[in-house]
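*Asks:* Questions regarding the structure given below will be posed in turn.
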Amino acid sequence: AQSVTQLGSHVSVSEGALVLLRCNYSSSVPPYLFWYVQYPNQGLQLLLKYTSAATLVKGINGFEAEFKKSETSFHLTKPSAHMSDAAEYFCVLSKGFQKLVFGTGTRLLVSP
Amino acid sequence: KAGVTQTPRYLIKTRGQQVTLSCSPISGHRSVSWYQQTPGQGLQFLFEYFSETQRNKGNFPGRFSGRQFSNSRSEMNVSTLELGDSALYLCASSGDNPQETQYFGPGTRLLVL
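Top to bottom, those sequences are chains S and A.
Using the numbering used here, read the first sequence as starting at 50 and increasing by one per residue.
Using the numbering used here, read the second sequence as starting at 1409 and increasing by one per residue.
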């Protein structure tokens, strides 16, 4: 079965520090993977998408993710955290035909 | 282009009632998916409509139903509401490609008392 696992329900960083949000996937076929962000009381916004064209994917707001098949991972990083990055982040796998499988989410807390 | 819109944004109902939520996709998008988000279960896929036909369905009881109109707008209906149906209901639209990115609306927050 296809699934995603996000390690850590909460991650705390200081402003300016590296952000690393971990995601591992399980898929019997080459996966389509996404990272979405959700701000309080809002819907989901696409950060970036992996479609096998390149293993390092750059997204919006300075985020990027690297697809590592050998580790079945798709971790999200940002070199320097900003207060506005505080939100919940979801790693998502597509099963095709618009059926998405979501990770449990990681809440990012950024302290000044 | 305007984004995905959902109405109403907030709703309060009592147990046993029914509710209808509406979603207008991005112009040109023919696929509309619905998701339920709760603190306990996270984000779960409800169903997906494409060109007025339900193409995919998640593991929800028959009380949850939907439909799509010829202009791609979609509605979701929940009958005989239960307390556990309290959730944020998210709608997403995408183009024709089965792996195309989904764009989400702001959601409808339903509270069942």
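Cβ coordinates follow ideal geometry from the N, Cα and C atoms, glycine included.
Computed from a predicted model, the values in this text were never measured in an experiment.
Spell out a yes or no on whether the region 136 to 152 of chain S and the region 1439 to 1451 of chain A are touching, meaning 3 or more CB-CB pairs, one atom from each, closer than 8 Å.
*Replies:* Yes, the region 136 to 152 of chain S is in contact with the region 1439 to 1451 of chain A.
*Asks:* With 8 Å set as the bound, which would you pick, yes or no: does the beta-carbon of A/L1451 sit closer than that to a beta-carbon of chain S?
*Replies:* Mapped onto the second sequence, residue 1451 of chain A falls at position 43. Judged by the 8 Å Cβ criterion, A/L1451 is in contact with chain S.
*Asks:* In whole angstroms, what is the alpha-carbon distance linking A/C1431 and A/P1514?
*Replies:* Locating residue 1431 of chain A in the second sequence gives position 23, where the first residue counts as 1. Locating residue 1514 of chain A in the second sequence gives position 106, where the first residue counts as 1. Between A/C1431 and A/P1514, the C-alpha separation is close to 10 Å.
*Asks:* For the region 112 to 142 of chain S, list the beta strand (DSSP E) runs that are entirely contained and at least 3 residues long, ordered along the chain.
*Replies:* Listed in chain order, they are 113 to 117, 122 to 127.
*Asks:* I need the boundaries of the beta strand (DSSP E) containing A/R1417, first residue and last residue.
*Replies:* As a first step, residue 1417 of chain A must be located in the second sequence, where it is residue number 9. Here A/R1417 belongs to no beta strand (DSSP E), and DSSP marks it neither H nor E.
*Asks:* For S/G111 and S/D134, I'd like the C-alpha separation in whole angstroms.
*Replies:* Taking the first residue of the first sequence as 1, we reach residue 111 of chain S at position 62. Taking the first residue of the first sequence as 1, we reach residue 134 of chain S at position 85. Going by the C-alpha atoms only, they are around 10 Å apart.
*Asks:* Considering only the beta carbon of each residue, do S/L157 and S/V53 sit closer than 8 Å?
*Replies:* In the first sequence, counting from the first residue as 1, residue 157 of chain S sits at position 108. In the first sequence, counting from the first residue as 1, residue 53 of chain S sits at position 4. Not in contact: S/L157 and S/V53 (Cβ atoms no closer than 8 Å).
*Asks:* Who are the near neighbours of S/G154 in its chain, counting only those whose CB is closer than 6 Å to its CB and skipping five residues on each side?
*Replies:* For this step, residue 154 of chain S is matched to residue 105 along the first sequence. Cβ within range, chain order: E137, F139.
*Asks:* Beta carbons nearer than 7 Å to chain S: which residues of the region 1461 to 1477 of chain A have them?
*Replies:* Listed in sequence order: R1463, N1464.
*Asks:* Which chain A residues sit within Cβ distance under 7 Å of S/Y81?
*Replies:* Looking up residue 81 of chain S in the first sequence gives position 32. By Cβ distance, chain A contributes Q1507.
*Asks:* From which residue to which residue does the beta strand (DSSP E) around S/H59 run?
*Replies:* The count along the first sequence starts at 1 and reaches residue 59 of chain S at position 10. Counting along the chain, the beta strand (DSSP E) containing S/H59 begins and ends at 59 to 63.
*Asks:* When the Cα atoms are used, what is the spatial distance from S/E115 to S/F83?
*Replies:* One-based indexing of the first sequence puts residue 115 of chain S at position 66. One-based indexing of the first sequence puts residue 83 of chain S at position 34. So the alpha carbons of these two residues sit roughly 11 Å apart.
*Asks:* Taking a contact to mean a Cβ-Cβ separation below 8 Å, would you say A/T1509 touches A/Q1414 in this structure?
*Replies:* Within the second sequence, the letter at position 101 stands for residue 1509 of chain A. Within the second sequence, the letter at position 6 stands for residue 1414 of chain A. Going by C-beta atoms, A/T1509 is not nearer than 8 Å to A/Q1414.
*Asks:* Return helix, strand or coil for A/L1491, following the three-state DSSP convention.
*Replies:* Start at 1 with the first residue of the second sequence, and residue 1491 of chain A comes out as number 83. Three-state result, A/L1491: helix.
*Asks:* So what's S/N110 in DSSP terms, helix, strand or just coil?
*Replies:* One-based indexing of the first sequence puts residue 110 of chain S at position 61. Three-state result, S/N110: helix.
*Asks:* Assuming A/V1520 and A/R1423 make a contact with CB atoms under 8 Å, what is their CB distance in whole Å?
*Replies:* Residue numbering aside, residue 1520 of chain A sits at position 112 when the second sequence is read from its first letter. Residue numbering aside, residue 1423 of chain A sits at position 15 when the second sequence is read from its first letter. The pair is a contact, with the Cβ atoms about 6 Å apart (cut-off 8 Å).
*Asks:* May I have the straight-line CA-CA distance separating S/T104 from S/K118, to the nearest angstrom?
*Replies:* Indexing the first sequence from 1 puts residue 104 of chain S at position 55. Indexing the first sequence from 1 puts residue 118 of chain S at position 69. Rounded to the nearest angstrom, the two C-alpha atoms are 9 Å apart.
*Asks:* Quick one: what's got a C-beta closer than 6 Å to A/S1459's C-beta in the same chain, skipping five residues either side?
*Replies:* Here residue 1459 of chain A is taken as the residue at index 51 of the second sequence, counted from 1. Within the same chain, A/S1459 has close Cβ partners R1438.
*Asks:* For S/L96, which residues does DSSP report across the bridge?
*Replies:* What you label residue 96 of chain S is simply residue 47 of the first sequence in a count that begins at 1. Answer is none; S/L96 lacks a bridge partner.
*Asks:* Whose C-beta lies closer than 8 Å to the C-beta of S/S67 among residues of the same chain, with five residues either side of it excluded?
*Replies:* Mapped onto the first sequence, residue 67 of chain S falls at position 18. Residue identity differs from the one stated: residue 67 of chain S is Leu in this sequence, not Ser. Taken in chain order, the residues that qualify are T126, K127, P128, S129, A130.
*Asks:* Can you look up A/G1450 in the DSSP assignment and give me helix, strand or coil?
*Replies:* Here residue 1450 of chain A is taken as the residue at index 42 of the second sequence, counted from 1. Three-state result, A/G1450: strand.
*Asks:* Where S/L97 and A/V1427 are concerned, what is the direct C-alpha to C-alpha distance, given to the nearest angstrom?
*Replies:* Residue 97 of chain S sits at position 48 when you count from the first residue of the first sequence. Residue 1427 of chain A sits at position 19 when you count from the first residue of the second sequence. Answer to the nearest angstrom: the Cα atoms are 34 Å apart.
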